[in-house]
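Report on one structure; see the data block that follows.
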Amino acid sequence: MYLKFLIFYIIALVTFLPYLSTDAKKLKNKNEDETNDLAEIDNNNNDKALVKNEEKEESKGKRKDKHIVKQKGNTNIHIHIHHLPPHCGPVKPKPPRPGKTTTRRTKSPKPPSGGKTTPGGPTTTTRKTKSPKPPSGGKTTPGGPTTTRTKKPKPPSGGKTTPGGPTTTTRKTKSPKPPSGGKTTPGGPTTTTRRTKKPKPPSGGKTTPGGSTTTTGKTKSPKPPSGGKTTPGGPTTTTRKTKSPKPPSGGKTTPGGPTTTTRKTKSPKPPSGEKTTPGGPTTTTRRTKKPKPPSGGKTTPGGPTTTTRKTKSPKPPSGGKTTPGGPITTTGKTKSPKPPSGGKTTPGGPTTTTGKTKSPKPPSGGKTTPGGPTTTTRKTKRTKKPKTTPSGPTTTTGNGKPPVKPPAKPTPKPPSDKKTTTPRSTKRTKTPPRSTTPRRTECDDWRDYYYERYHSTIKINVTEYIQTDRCQEKCYNVIFGKEVYDYYRHLEILRNKKTVDFVKKLNKLSYKYLSSITIRNYIERKIISFSSYPKFSIFEKHGQFVYYKYRRSSENQDSIWRRDGYMGKGEIFLNISEIDNTGKTTIVQVSFSRDDKYMAYAISVSGSNLWTIKFKETDKKYSKIKDELKYVFSPFMGFAYETKGFFYSAFVDKKGKLVTSLVDAKEMYHALFYHRFGTKQENDILIDVVYDIPNVFVHGWVSHDERMLFVRYSLGNSDSQQGIKFLRLHKISESSIKKGIQLEPLFTKYDAHYSIVDSLFDEVILLTTKNAPNGRVVKINIGNAGQSEKYWKDIIRGDSKKFIKNVQAVGQNYLYINYMENVTNKAFIYDKRNGRMLTQLDFETSYHVEFSGSIFNSRFFIRVINQVVPQIIYTGNTLDLKRISKKRPYKLKVVESTEISGIEKKDYVIKTVYYQSFDKTMVPMFIFHRKNMKLDGQNPVLLESYGAFGISSFPTYSPSNLMFVTHFSGIYVIAGIRGGGEYGEEWHKAGAGKNKNNTFNDFIVAAEYLIKKNYTRPAKLAIRGGTNGGLLAAVVSRLRPDLFGSVIMGSPLLDMVRYNKLNFGLSWNGEYGNPDNKEDFEYLLRYSPYHNIKMPMRPVQWPCTLILTSLNDQNVHAAHTLKYTAELYHVLRKDGIKYQRNPVLVSVTEEEKQTTTVTKKQIIKTTVDEFSFVKETLNIKWKYSS
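Going left to right, the sequence shown walks through residues -24 to -1, 1 to 1162 as mature numbering (1 follows the signal peptide of the UniProt record, and there is no 0) numbers them.
See below:
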């Protein structure tokens, strides 16, 4: 007994499983979530968590969401059916492809009172079947009926059900069109589905099916030719928007069985003088208006009159009469035909009118005599009401693309106690013919959002995310009256056992998914291929040699090489592998003595910001300098007193002792030191340090003639808040350099940018932004320049359209000027004596231009890079400037040029576009992609920017980006947002401090611009950023999670309340604001990513995210990433249990002292992780071309 019941239960479950989605339409959603669900993956180890959560919600009185289960390999995909706007149906699984058949239960129509239904068997419903088109002169003869189980119709009152043949109903089937002169004779019933057009027989022919002909769903009956008649051999039934044929003049329509028409049926118009004789009674229902008989005529129904729903019967011509074969039955607002004067209406059988059906208008003198029952149901000529789009986020409709944001639901109308009725329609107007393309609505957009928004092939159940200890008591600090919670403060201690365990678990989870991506090998090989070329730095001439950094394609580190002349054969001068062959040591700074006898070079181990300075003689005949200076942070340094001493900068504590670690330091002050060669470093002389003003950097350098020491003071890393002091070295002896020596002030207000270009005795050429935001070059005398600007002499005036990026002295009388005009590099040579422009330098178009020159040499060098060309090095000579003319322009000579095999510039597009931000500010954007790319919104895009510290975000050569564009058919984009230096200091200030929101909004609008212009769509858009760029990516992905498909963050800055207490963050107060200041604190707290994590409203998920960092990173502390990850995982597990499946992974480099600069192998591994993640989360394909 139990076995039989079990078998019956399984059969019933399998039978009715496909109809669960249909039944979901009858449910009313009372769940607090008002938006749709997304696809969820149910792994075996997560079933308990999901069931537990569902039982918890059910206990609160919430309805559990119904779902459909699809099998994909060993994974069950749950598509939750949530409620769309009230007028939209539930989200269902994607329909099967054409050619597949799905069986559904079909409910047959209810016949009118007095009529009878004659089904011959069960009704079958199928999808998208197209009948064949027979050749000219042939006929179509199907072999038999298609039958399935259906729900039989309810017969009308007083009627009976007499099966005459099978009734078959299908969808979207187009019947064949017979040729001229032929006839269509099926051997069995002809099945037609939705929008079926019956064949048009030729002139004089007739259509005689061998069985019953049944049509459902927008069926248009054939038009017989003039003089012909249509005589089916069985009952002809038509449902849903069927238009009956129009017989020609003189002909009549005589069906052999009952003809039934439902939904928007228009009866035929017989010609003048003829009559229409159907084979049975004519039945019409739904809102039918009774006819008005003409003068002198009478209306004689043969049976009861029933009328429903606004159906207009035909108007016979004058003098004619209408004689149906049975009684006329009219129900509810039916308008019967108006016979002509003197005529009468005599029905021969019951006439029933259903659903806004307009009967034919017979011609003058003719009459309508049906031979059988003609049934018409549901609204013939129904006009469509205009559809309104609810206000809310911008959506894209009508072009097949999903919306940028999920469509907003319209506000449902409050329920009414009144019975809903269809209002009476007035005089109907003709509607245009239906288009074959259905009109899109917001319901379509919602479904597109479900099916098309998330393409990630990596799906992670939130219960897999790692949990770490969360603070339970006293987890907040009260700052300026606000409780600021920090549940994971203990993760700031990187050597803590709990922190180490958390890091290992994070790496285990990320390795599980990232290492299994099969495309990794292809990505790695192509990146190595695009990186395999000899790498040169900019050339510098010192004495008879030209020095430069050089690295072979097989090496991990740059070494110092030199040539005897710029075209000579190179030889190695300093082999860095002899110092360290692990690849972790990098040369970061080089300086030569005035007599070119010695070279000082600073090296960084594992990317540390605290360097070591060593010295090397340029010839063996010179004595060696064995001194070594440690813990130095000095972008500027220089020899003095003919190599007797050396100036450099480093961090000290309050007592003036050197800071040996930036990670453990509690207080730091940047100071300038003087070192005497042959003495120990601890005896070095402290020249100057600023204790009273926090976060001041002190840098010193010696003039070319060694007569002057210039010291520049900068507030933080800002280039716009600087001061200058100097010391006349030629007036004091070397032995007079002692601690506390007095420096002379030049500019001390920290009100602009000041940079010394050249000096000769007391005359100085200065680049400044004082009263010139884009920069100007002036000549001053250091004796009175600080008193007033009236003593300044302009050499090159400031220009509002040109931003001066670089100025250097070259030769005895010339200046090299590098402008940025409309974010395009332009270089010129000026005469520094009078400020006259001599020539423009012509070189390869590039956003990245380097220059080297000296007042002691006439030869200079320029190095340019773009996205396709790794490097081109040019050289020029100022001596040639005397021979230039209009016929003989100045030309640069190429020294070194590198090309990548298989990559040609003509195959790519490198362009700059401008978009309008939220406040109508025009922002530049740099776009790089292959030629002939189709902008159809389907292209993968990698968008990144920086937007801080006045650093310009210009594209340069990148093997990984070139791989993305070439082999993923991607588009690489950089947005020049505010906060950077693309347009000078004003552009920087517009995105710094309390203007930081401009940076975030510029980036969001950049993404929207790319989507609007059909470069891509949210599902194919990835963003990437490091350090401050990571902060940018974190903020915008939280503000607009619907806008991005993948997010990559490298060592991001995430805790903006405590950033100045971690590592190097103290020096960034001038850029972001000081958290110890109330106004700055409140502004920082509003956008701090760590303090503003919130799950987006469903169906929007948290974007696919990959965060990469390393322990002991001296720029951005690893605690930023660890605390943020712990909080994010907590929120995802708590609030995203039902619908969050996008992956959020974190990879932490555990190796000690592994920071920003890593070995070549580690760089490639990290890059492969990034692009493998992008490939899987955007679901893009690899292309093997070139």
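Yeah, the Cβ is synthetic: ideal placement off N, Cα and C, and Gly gets one too.
Of all alpha-carbon atoms in Lys802, Ser553, Ile793 and Glu826, the one lying nearest the alpha-carbon of Gly811 is that of Ile793. Between the stretch 1069 to 1079 and the stretch 694 to 705 there are fewer than three inter-stretch CB-CB distances shorter than 8 Å, so the stretches are not counted as touching. Within the DSSP secondary-structure output, Gln892 pairs in a beta bridge with Met898. Note that the C-beta distance between Ile536 and Lys545 is not below 8 Å. 8 Å or more divides the Cβ of Gly632 from the Cβ of Leu605. With contacts defined as CB atoms closer than 8 Å, Gly751 and Gly960 qualify as a contacting pair. Nearest to Leu705 by alpha-carbon distance, out of His729, Lys620, Asp640 and Ala616, is Ala616. Distance between Ala982 and Arg683, taken at the CA atoms: about 50 Å. Per DSSP, the continuous beta strand (DSSP E) segment holding Asn453 begins and ends at Tyr452 to Ile455.
In this structure Gln533 touches Thr562 by the C-beta definition: roughly 7 Å separates them, less than 8 Å. DSSP places Gln763 in the coil class of the three-state scheme, outside both helix and strand. In the three-state DSSP reduction, Asn801 falls in the strand class (E or B).
In this structure, the straight-line span from the alpha carbon of Ser599 to that of Lys592 is close to 9 Å.
Out of Leu1087, Phe940 and Val1033, the CA that lies nearest to the CA of Asn1050 is found in Val1033. For the stretch 961 to 1036, the continuous alpha helix (DSSP H) assignments of 4+ residues that do not extend past its boundaries occur at 961 to 965, 972 to 988 and 1004 to 1015, in sequence order. Note that the C-beta distance between Val674 and Ser712 is not below 8 Å. Taking the CA atoms as reference points, Thr1085 sits about 12 Å from Leu482.
In the structure shown, Ala1095 falls within a helical segment according to DSSP collapsed to helix, strand and coil. Close CB contacts of Ala748 within its chain, under the 6 Å cut and outside five residues either way in sequence, are with Gly774 (chain order). Distance check between Leu485 and each of Ile442, Ser945, Phe827 and Trp963 places Ile442 closest, using alpha-carbon atoms only.
In the structure shown, Pro721 falls within a strand segment according to DSSP collapsed to helix, strand and coil. For Glu1047, the number of other beta carbons within 10 angstroms of its own is at least 16, and it is reported as buried.
In the displayed model, Val666 falls within coil according to three-state DSSP, outside both helix and strand.
Checking the DSSP bridge columns, you'll see Gly546 partnered with Arg539. When rounded, the separation of the alpha-carbon atoms in Trp587 and Tyr795 is 32 Å. Burial is judged here by how many other beta carbons sit within 10 angstroms of a residue's own beta carbon; Gly457 has fewer than 16 and is exposed. Between the stretch 843 to 858 and the stretch 505 to 513, the count of C-beta pairs closer than 8 Å reaches three or more; the two stretches touch. In this structure, Glu516 and Ser828 form a Cβ contact; the two beta carbons are roughly 5 Å apart against a cut-off of 8 Å.
For Tyr526, the beta-bridge partners assigned by DSSP are Phe512 and Ser535. Residue nearest to Thr619 within the set Gly913, Lys725 and Asp603 is Asp603 (criterion: CA-CA distance). Remark: C-beta atoms of Phe649 and Asp640 do not approach each other more closely than 8 Å. With fewer than 16 other beta carbons inside 10 angstroms of its own, Val476 counts as exposed. Note that the C-beta distance between Arg446 and Tyr464 is below 8 Å. Distance from the CA atom of Val1107 to the CA atom of Gln1138, rounded to whole angstroms, is 32 Å. Taking Leu1087 as reference, the option from Asp681, Tyr948, Asn1039 and Thr1143 with the minimal CA-CA separation is Asn1039. Our two residues, Gly957 and Asp1145, have alpha carbons roughly 30 Å apart in a direct line.
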